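For the sequence shown, UniProt numbering begins at 1 and goes up steadily by one.
Taking it in order: structure first as C-alpha coordinates, then the write-up.
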Amino acid sequence: PSQLAEEQRNATRLFKQLHTQIQTIIALGNPTEKDVKSSMEKVLAIDRAYPLPLLGAMLDKFPAKFEPAVWWPSSQSHRRSKTQESKRTNNGWSEDLEKELREVIEVIKKKDCEDYERLGNIALKVSKSFAIAGPLLSGIAAVGSSFVGNGSLAALVPLMAGSLASAVNAFEHGGQVGM
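Here is the structure:
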(Lines of atoms letter the chains of each structure in order from A; the text may use other names.)
(Lines give C-alpha, C1' and ligand atoms only; values in the text may rest on other atoms or scores of the structure.)
Protein backbone atom coordinates (compact mmCIF):
# COMPACT_ATOMS: atom_id res chain seq x y z
CA PRO A 1 0.00 0.00 0.00
CA SER A 2 2.76 2.49 0.77
CA GLN A 3 4.41 1.82 -2.60
CA LEU A 4 1.06 2.33 -4.31
CA ALA A 5 0.56 5.63 -2.50
CA GLU A 6 4.09 6.73 -3.46
CA GLU A 7 3.48 5.85 -7.11
CA GLN A 8 0.23 7.81 -7.09
CA ARG A 9 2.04 10.80 -5.55
CA ASN A 10 4.75 10.60 -8.23
CA ALA A 11 2.18 10.35 -11.00
CA THR A 12 0.23 13.29 -9.58
CA ARG A 13 3.41 15.37 -9.36
CA LEU A 14 4.38 14.52 -12.96
CA PHE A 15 0.89 15.32 -14.26
CA LYS A 16 0.94 18.67 -12.42
CA GLN A 17 4.33 19.51 -13.93
CA LEU A 18 3.05 18.62 -17.38
CA HIS A 19 -0.09 20.68 -16.77
CA THR A 20 1.96 23.78 -15.96
CA GLN A 21 4.17 23.18 -19.03
CA ILE A 22 1.10 22.98 -21.25
CA GLN A 23 -0.37 26.12 -19.68
CA THR A 24 2.92 27.94 -20.29
CA ILE A 25 2.99 26.89 -23.94
CA ILE A 26 -0.59 28.05 -24.42
CA ALA A 27 0.06 31.33 -22.60
CA LEU A 28 3.00 32.07 -24.90
CA GLY A 29 0.62 31.77 -27.85
CA ASN A 30 0.56 29.81 -31.10
CA PRO A 31 1.41 26.29 -29.93
CA THR A 32 2.83 24.24 -32.78
CA GLU A 33 1.89 20.73 -33.83
CA LYS A 34 5.23 19.61 -32.42
CA ASP A 35 4.26 21.02 -29.00
CA VAL A 36 0.93 19.18 -29.11
CA LYS A 37 2.53 15.88 -30.12
CA SER A 38 5.21 16.26 -27.45
CA SER A 39 2.59 16.92 -24.78
CA MET A 40 0.49 13.97 -25.94
CA GLU A 41 3.53 11.68 -25.85
CA LYS A 42 4.34 12.83 -22.32
CA VAL A 43 0.77 12.27 -21.12
CA LEU A 44 0.66 8.80 -22.64
CA ALA A 45 4.09 7.94 -21.24
CA ILE A 46 3.05 8.96 -17.72
CA ASP A 47 -0.20 7.03 -18.11
CA ARG A 48 1.71 3.91 -19.20
CA ALA A 49 4.19 4.28 -16.34
CA TYR A 50 1.48 4.85 -13.73
CA PRO A 51 -1.68 3.07 -14.96
CA LEU A 52 -3.56 3.35 -11.66
CA PRO A 53 -6.25 5.99 -11.26
CA LEU A 54 -5.27 9.18 -9.47
CA LEU A 55 -8.36 9.13 -7.28
CA GLY A 56 -8.81 8.54 -3.60
CA ALA A 57 -10.93 5.49 -4.37
CA MET A 58 -10.28 2.85 -6.98
CA LEU A 59 -12.40 2.66 -10.10
CA ASP A 60 -15.00 -0.08 -10.46
CA LYS A 61 -13.36 -3.34 -11.46
CA PHE A 62 -16.57 -4.62 -13.01
CA PRO A 63 -18.72 -1.74 -14.25
CA ALA A 64 -22.40 -2.38 -14.89
CA LYS A 65 -22.00 -1.57 -18.59
CA PHE A 66 -19.03 -1.43 -20.92
CA GLU A 67 -18.52 2.04 -22.37
CA PRO A 68 -15.82 3.06 -24.85
CA ALA A 69 -13.20 5.58 -23.80
CA VAL A 70 -13.74 9.22 -24.76
CA TRP A 71 -10.77 10.57 -26.66
CA TRP A 72 -12.09 14.00 -27.59
CA PRO A 73 -13.82 16.53 -25.36
CA SER A 74 -17.46 17.26 -26.01
CA SER A 75 -18.34 19.81 -28.66
CA GLN A 76 -19.65 22.20 -25.99
CA SER A 77 -16.17 22.75 -24.61
CA HIS A 78 -14.91 23.80 -28.05
CA ARG A 79 -17.23 26.79 -28.30
CA ARG A 80 -15.19 29.95 -28.17
CA SER A 81 -15.91 33.58 -28.61
CA LYS A 82 -15.07 35.20 -31.93
CA THR A 83 -12.18 37.14 -30.41
CA GLN A 84 -10.46 34.01 -29.16
CA GLU A 85 -10.90 32.28 -32.52
CA SER A 86 -9.47 35.25 -34.39
CA LYS A 87 -6.30 35.10 -32.28
CA ARG A 88 -5.69 31.47 -33.28
CA THR A 89 -6.24 31.44 -37.01
CA ASN A 90 -2.77 30.20 -37.91
CA ASN A 91 -2.56 26.90 -36.07
CA GLY A 92 -1.93 24.59 -39.03
CA TRP A 93 -5.51 23.31 -39.30
CA SER A 94 -7.68 23.94 -42.31
CA GLU A 95 -11.40 23.41 -42.77
CA ASP A 96 -10.69 20.63 -45.26
CA LEU A 97 -8.58 18.78 -42.71
CA GLU A 98 -11.27 19.18 -40.07
CA LYS A 99 -13.94 17.86 -42.47
CA GLU A 100 -11.73 14.90 -43.37
CA LEU A 101 -11.17 14.04 -39.70
CA ARG A 102 -14.88 14.36 -38.97
CA GLU A 103 -15.60 11.91 -41.80
CA VAL A 104 -13.04 9.47 -40.39
CA ILE A 105 -14.64 9.72 -36.95
CA GLU A 106 -18.10 9.09 -38.41
CA VAL A 107 -16.85 5.99 -40.24
CA ILE A 108 -15.27 4.70 -37.04
CA LYS A 109 -18.48 5.38 -35.12
CA LYS A 110 -20.61 3.57 -37.69
CA LYS A 111 -18.44 0.52 -38.25
CA ASP A 112 -16.21 -0.02 -35.26
CA CYS A 113 -18.02 1.21 -32.15
CA GLU A 114 -20.68 -1.51 -32.24
CA ASP A 115 -18.02 -4.21 -32.59
CA TYR A 116 -15.91 -2.72 -29.82
CA GLU A 117 -18.88 -2.44 -27.48
CA ARG A 118 -19.98 -6.01 -28.24
CA LEU A 119 -16.48 -7.38 -27.68
CA GLY A 120 -16.05 -5.22 -24.58
CA ASN A 121 -19.25 -6.60 -23.09
CA ILE A 122 -18.10 -10.15 -23.83
CA ALA A 123 -14.72 -9.47 -22.21
CA LEU A 124 -16.45 -7.96 -19.18
CA LYS A 125 -18.68 -11.04 -18.76
CA VAL A 126 -15.72 -13.41 -19.15
CA SER A 127 -13.71 -11.41 -16.62
CA LYS A 128 -16.59 -11.52 -14.13
CA SER A 129 -16.93 -15.26 -14.65
CA PHE A 130 -13.22 -15.81 -14.04
CA ALA A 131 -13.34 -13.62 -10.93
CA ILE A 132 -16.09 -15.83 -9.51
CA ALA A 133 -14.85 -19.21 -10.77
CA GLY A 134 -11.24 -18.94 -9.53
CA PRO A 135 -11.98 -18.53 -5.81
CA LEU A 136 -14.95 -20.92 -6.04
CA LEU A 137 -12.80 -23.71 -7.52
CA SER A 138 -10.04 -23.01 -4.98
CA GLY A 139 -12.59 -23.32 -2.18
CA ILE A 140 -13.91 -26.60 -3.58
CA ALA A 141 -10.35 -27.92 -3.76
CA ALA A 142 -9.64 -26.83 -0.18
CA VAL A 143 -12.82 -28.40 1.20
CA GLY A 144 -12.41 -31.52 -0.92
CA SER A 145 -8.84 -32.05 0.25
CA SER A 146 -10.14 -32.81 3.74
CA PHE A 147 -11.89 -35.91 2.33
CA VAL A 148 -8.80 -37.34 0.56
CA GLY A 149 -8.67 -40.60 2.54
CA ASN A 150 -12.23 -41.65 1.64
CA GLY A 151 -11.86 -43.05 -1.88
CA SER A 152 -10.67 -42.23 -5.36
CA LEU A 153 -13.45 -39.71 -6.08
CA ALA A 154 -12.56 -37.79 -2.92
CA ALA A 155 -9.00 -37.44 -4.23
CA LEU A 156 -10.04 -36.66 -7.82
CA VAL A 157 -12.42 -33.76 -7.01
CA PRO A 158 -9.86 -31.58 -5.16
CA LEU A 159 -7.23 -32.41 -7.77
CA MET A 160 -9.46 -31.33 -10.66
CA ALA A 161 -10.85 -28.28 -8.83
CA GLY A 162 -7.35 -27.12 -7.87
CA SER A 163 -6.07 -27.61 -11.42
CA LEU A 164 -9.01 -25.72 -12.90
CA ALA A 165 -8.62 -22.94 -10.30
CA SER A 166 -4.98 -22.60 -11.26
CA ALA A 167 -5.86 -22.36 -14.96
CA VAL A 168 -8.69 -19.88 -14.35
CA ASN A 169 -6.47 -17.67 -12.19
CA ALA A 170 -3.72 -17.78 -14.84
CA PHE A 171 -6.19 -16.65 -17.51
CA GLU A 172 -7.72 -14.03 -15.24
CA HIS A 173 -4.44 -12.43 -14.19
CA GLY A 174 -2.69 -13.03 -17.50
CA GLY A 175 -5.37 -11.08 -19.33
CA GLN A 176 -5.00 -7.97 -17.21
CA VAL A 177 -3.37 -4.90 -18.66
CA GLY A 178 -1.22 -2.67 -16.49
CA MET A 179 -0.29 -3.40 -12.90
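Using N, Cα and C, we set each Cβ at its ideal position, and we do this for glycine too.
Small disclaimer: the values here were computed from a predicted structure and weren't measured.
Helix, strand or coil at asparagine 121 according to DSSP, with G and I counted as helix: helix
Beta-carbon proximity of glycine 144 to alanine 161, cut-off 8 Å: yes
Helix, strand or coil at serine 94 according to DSSP, with G and I counted as helix: coil
Backbone secondary structure at alanine 64 - three-state DSSP: coil
Option nearest threonine 24 by Cα separation, candidates Gln3, Arg13, Ser39: Ser39
Beta-carbon proximity of valine 168 to phenylalanine 130, cut-off 8 Å: yes
Alpha carbon of leucine 119 to alpha carbon of phenylalanine 171, nearest angstrom: 17 Å
Sequence-distant residues of its chain with Cβ nearer than 8 Å to leucine 137 (five each side left out): Ala161, Gly162, Leu164, Ala165, Val168
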